[in-house]
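Written below as structure tokens is the structure these notes are about.
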Amino acid sequence: MANRNFPNNKLYQFEVMPVLLSCNFIVDSTNGNGFGVRSLKGSGITRVYMNTSATPAVGSPNPAAGYILVQFTDTYNKYLSGFSGQVSNTTGSSATTTAHVPNIIINLGTTTLAQWQAAGLPKGIVPSVGAAFIPASSSAIPGGGLVALNSPSGIDHIEVCGDPNQTVISPVPLPVSAPAGPQVGGMMAMVCLLNSTPTTPANGSVVSLNFYLSNSSVTLAGQ
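Following my numbering, the numbering of the sequence shown begins with 110 at its first residue and continues without gaps.
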């Protein structure tokens with residue numbers, strides 16, 4: 110981030126010990142790891158389980174299509190709020206850009222910086238897999254570089270199931286199917302919806318989840 114002189118860099122709120130956890134992962138129902146996802150990133154998150162067509166991983170309840178089970182590393186006093194985002198999948202593979210729509214780099218090849226810029230990549234952006242740009246015109250990409258177009262994730266939003274306050278407070282065994290296993294954090298169930306129907310996002314979709322939690326037992330007025 111550029112060095113800015115912000116007039117105020119504080120966030121004021123009434124929670125005594127708020128905690129914000131963030132994670133993202135790629136939906137992959139056929140992955141051999143048996144979790145239904147791959148490439149989980151984010152501190153404070155031990156496991157994410159989704160529906161899998163492979164042999165479920167040890168401890169996975171293999172949630173039905175569209176459902177997510179998140180297991181935290183720690184326990185928390187209460188769930189305050191949260192939000193999510195779905196990064197759409199990609200489709201196709203082309204050595205020619207398509208004008209006026211996002212083109213996503215999927216292979217750098219030996220294409221040079223100058224050649225990517227000639228294809229529409231704005232100056233200042235380093236060519237990298239996953240980078241999206243909108244070219245003003247269609248053109249061939251020399252050097253073996255490839256792009257793909259955007260493909261919708263197939264869902265419109267994610268909701269929390271039940272009352273998370275009842276499940277984030279207690280340590281849960283890891284894996285969850287082994288009551289004698291080591292105790293780790295609480296957990297939450299969520300559902301991906303398309304027109305109110307539980308729906309698994311398209312494989313390859315990147316899902317981000319953010320959890321705003323309280324790590325304090327202090328109760329303030331109004332709670």
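From the three backbone atoms N, C-alpha and C, an ideal C-beta is built for every residue, glycine too.
Sequence-distant partners of residue 129 (beyond 5 residues in either direction) whose C-beta falls short of 8 Å from its own C-beta, in its chain, are 319, 320, 321 and 322. As computed with DSSP, residue 180 is found in a beta bridge with 156 and 296. A Cβ-Cβ distance of about 11 Å is found for the pair residue 181 and residue 157, leaving them out of contact under the 8 Å criterion. Annotation: residue 122 is outside any beta strand (DSSP E) and is labelled neither H nor E by DSSP. Beta-carbon to beta-carbon, residue 229 and residue 206 are separated by about 6 Å, close enough to satisfy the 8 Å threshold.
Straight through space, the alpha carbons of residue 271 and residue 261 are spaced by roughly 28 Å. One thing to note: residue 200 has its Cβ within 8 Å of the Cβ of residue 258. In the structure shown, residue 201 adopts extended strand secondary structure according to DSSP, grouped into three states. When the beta-carbon positions are compared, residue 161 and residue 171 come within less than 8 Å of each other. Under DSSP, residue 212 forms a beta bridge with 242 and 258. Within a 10 Å sphere around the beta-carbon of residue 126 sit fewer than 16 other beta-carbons, which makes this residue exposed. The Cβ atoms of residue 236 and residue 255 do not sit closer than 8 Å to each other. Residue burial annotation: residue 305 is exposed, with fewer than 16 other C-beta atoms found within 10 angstroms of its C-beta.
Scanning its chain for C-beta atoms nearer than 7 Å, with the 5 sequence neighbours on each side dropped, one finds around residue 164 the residues 143, in chain order. Short of 8 Å from the beta carbon of residue 268, and not among the five residues preceding or following it, lie these beta carbons of its own chain, in chain order: 299, 300 and 302.
Collapsing the DSSP output to three states places residue 133 in a strand.
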